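Enquirer: Below is the structure I would like to discuss, written out as structure tokens.
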Amino acid sequence: MNILELKKMKQAQQKISMVTCYDYWSAKIIAQTQINCALVGDSLAMVMHGYATTIPATNEMMALHVAAVARGAPNKLIIGDMPFLSYCKGLAETMRVVAQIMQAGAHAIKLEGVTGHEDIIQSIINSGVPVMGHIGLTPQSVHQLGGFKVQGKTQASMDLLLAQAKTLEDLGCFAVVLECVPTELAELITQTIAIPTIGIGAGPKVDGQVLVLQDLLGVNTELKPKFLKTYLNGYEIVKAALDTFDREVKTAQFPTEEHSYKSGV
Ligand code: KIV
């Protein structure tokens, strides 16, 4: 999968599937599925490292996780997130981080927001690196937004988000994530721009959907936003397996002969 195939999917009205992926073992599973893209999102700061927001994600963290995913799922379109403020410190520093993420194995980068970042987005794209935009609820701005809240609920906010989506298209982005926006707005944006829209909490009228892997597997029990559908009771399944292992160790049911080595004498 590459960005041209992704654009063709929109033209052919084929829905695009994307999941977050942060590590080698889940990347290997994803590699064997029909999922189109793996997003190494900065949500890894919360999901993998236990932080309350995505703000603590660092360039080094992003590169380390991108490299693990690239080793596990080289057949997928791998998109690496630019972490908090990493593209707000001038062109040279931005390009240093872009290089770090791309050289770790990403095929594209994603960054949040538009206004004030137009020149930097243009420079990244001009340098030959595909960029996916991200508008609506942009978690790196959580403190400015006053929490993880649905965006685009007023006319002014809807107009701004539509204008931002058009700007991202004009700048040459290959796709845009729409996070936590009303269905009607997501549909309008999707019909207005020619590049794929990937929704999370943006309803069904978009070109594709992305979910955090651990959320859709039901492993992450701390968070249950309205938009989330869980496809597995992962938390209970994993917990039960660990409790069974614990019981078998303590009752000497494991290991048996089957799991033990014999001496040669
Ligand atoms: O960081 C992330 O995982 C994301 C997705 C939820 C879109 O930005």
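When the letters of the sequence shown are read in order and numbered with the working numbering, they come out as residues 140 to 404.
All C-beta atoms, glycine included, are put in the ideal place defined by N, C-alpha and C.
Fair warning: this is a prediction, and the values are worked out from it, not measured in the lab.
1. Can you name the start and end residues of the beta strand (DSSP E) that GLU318 belongs to?
2. What I want to know is whether the C-beta of ASP181 ends up closer than 7 Å to one or more non-hydrogen atoms of ligand 1.
3. Do LEU317 and ALA302 have their CB atoms nearer than 8 Å?
4. Inspect the CB distances between the stretch 172-179 and the stretch 225-238 and report whether three or more fall short of 8 Å.
5. From this set, LEU356, LYS146, CYS160, which residue's C-alpha is nearest LYS154's C-alpha?
6. Where does SER343 land, buried or exposed, given buried means 16+ other C-beta within 10 angstroms?
7. Roughly how many whole angstroms lie between the Cα atoms of LEU300 and GLU387?
8. When you compare the CB positions of ALA196 and PRO213, do they come within less than 8 Å of one another, or not?
9. Given a threshold of 16 other Cβ atoms within 10 Å of its Cβ, counted over all protein chains shown, does ASN141 qualify as buried or as exposed?
10. Please confirm whether GLY189 has its beta-carbon closer than 8 Å to some beta-carbon of chain B.
11. What's the call for GLY255, buried or exposed, on a 16-neighbour Cβ count within 10 Å?
12. Could you tell me the alpha carbon to alpha carbon distance between ASP382 and GLU375, rounded to whole angstroms?
13. Flag VAL351 as yes when its Cβ comes closer than 7 Å to any non-hydrogen atom of ligand 1, and as no otherwise.
14. Does the Cβ-Cβ distance between ALA295 and ALA243 come in under 8 Å?
15. Can you say whether ALA314 is buried or exposed, counting buried as having 16 or more other CB atoms within 10 angstroms of its CB?
16. CA-CA distance, LEU350 and GLN392?
17. Kindly list the residues whose CB is nearer than 6 Å to the CB of ILE194, restricted to its own chain and excluding five residues on each side of it in sequence; keep chain order.
18. Considering only residues of the same chain and omitting the five flanking positions on each side of ALA202, which have a CB-CB separation below 7 Å?
19. Taking all protein chains shown into account, decide if GLU251 is buried (16 or more other Cβ within 10 angstroms of its Cβ) or exposed.
20. If you measure from the CB of THR159, is any heavy atom of ligand 1 nearer than 7 Å?
21. Report yes if the C-beta of ASP298 is less than 7 Å from at least one heavy atom of ligand 1; otherwise report no.
22. Among all the DSSP beta bridges, which residues are the ones paired with SER156?
23. Going by DSSP, what residues sit across from ASP220 in a beta bridge?
Expert: So, to answer that:
1. 314-318
2. yes
3. no
4. no
5. LYS146
6. Inspection of the sequence shows that residue 343 is occupied by Pro rather than by Ser. Classification of PRO343: exposed, given that the 10 Å Cβ count is below 16.
7. 55 Å
8. no
9. exposed
10. Absent from the structure: chain B. Only one protein chain is present.
11. exposed
12. 10 Å
13. yes
14. no
15. buried
16. 39 Å
17. PHE223
18. GLN239, ILE240, ALA243
19. buried
20. yes
21. no
22. GLN348
23. LYS249
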